[in-house]
Amino acid sequence: MSQFRARPPAVPTVLLDDAMVRVTRWDFEPGADTGHHVHGLGYVVVPMTDCDFLIEDEAGARRVPTKAGAVYRREAGVAHNVVNGGDTPMSFIEIEYK
Numbered sequence: 001m002s003q004f005r006a007r008p009p010a011v012p013t014v015l016l017d018d019a020m021v022r023v024t025r026w027d028f029e030p031g032a033d034t035g036h037h038v039h040g041l042g043y044v045v046v047p048m049t050d051c052d053f054l055i056e057d058e059a060g061a062r063r064v065p066t067k068a069g070a071v072y073r074r075e076a077g078v079a080h081n082v083v084n085g086g087d088t089p090m091s092f093i094e095i096e097y098k
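First residue of the sequence shown: 1, per the UniProt record's numbering; consecutive thereafter.
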């Protein structure tokens, strides 16, 4: 795999990691991405800003505009790349439950 990335990386900041949960703040400049990953744990996302998600997965790419505070949940096993498809910075909190 190449060491070079076409997009800037999103910046994760772990806020809490204990026996129950891992809480991470994700900050994205326009065009930044997480890189493709598979979630090993179920999780809840709390958008801190309006987010213009571009989700890339095995089904293709789709835009998912999400308002600040519009909480959603996913099960373990989700495989995707999350991209800031907008032209302003975006942030969300991810809460993984163990």
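For glycine and all other residues, C-beta sits at the position ideal for the given N, C-alpha and C.
Please read these numbers as outputs of a predicted model, since none were measured by experiment.
Given residue i as reference, the closest of the options once Cα atoms are compared
| i | options | result |
| --- | --- | --- |
| Val46 | Phe92, Glu96 and Glu58 | Phe92 |
| Phe53 | Ala59, Phe28 and Glu75 | Phe28 |
| Asp87 | Tyr72, Asp50, His80 and Asp57 | Asp50 |
| Pro9 | Asp17, Trp26, Arg22 and Val21 | Trp26 |
| His36 | Thr24, Val21, Met48 and Ile55 | Ile55 |
| Asn84 | Leu15, Val44, Val38 and Thr66 | Thr66 |
| Val82 | Val23, Val14 and Glu58 | Glu58 |
Separation of residue j from residue i, as counted between CA atoms
| i | j | result |
| --- | --- | --- |
| Gly69 | Arg5 | 30 Å |
| Ala32 | Ala19 | 30 Å |
| Gly42 | Tyr72 | 11 Å |
| Pro89 | Glu75 | 26 Å |
| Tyr97 | Val11 | 20 Å |
| Glu94 | Leu16 | 11 Å |
| Met1 | Val44 | Model confidence at Met1 stands at a pLDDT of 46, short of 50, so the residue's coordinates are unreliable; what they give is reported in the following sentence. Distance between the alpha carbons of Met1 and Val44: 30 Å. |
| Gly60 | His80 | 10 Å |
| Thr24 | Pro30 | 19 Å |
| Arg62 | Thr34 | 15 Å |
Three-state secondary structure assigned by DSSP to residue i
| i | result |
| --- | --- |
| Gly42 | strand |
| Pro30 | coil |
| Glu75 | coil |
| His37 | strand |
CB-CB length for residue i against residue j, believed under 8 Å
| i | j | result |
| --- | --- | --- |
| His39 | Val64 | About 16 Å; that fails the 8 Å criterion. |
| Val14 | Arg22 | 7 Å |
Opening and closing residue of the beta strand (DSSP E) in which residue i lies
| i | result |
| --- | --- |
| Gly60 | Gly60 to Thr66 |
| Thr13 | Val11 to Asp17 |
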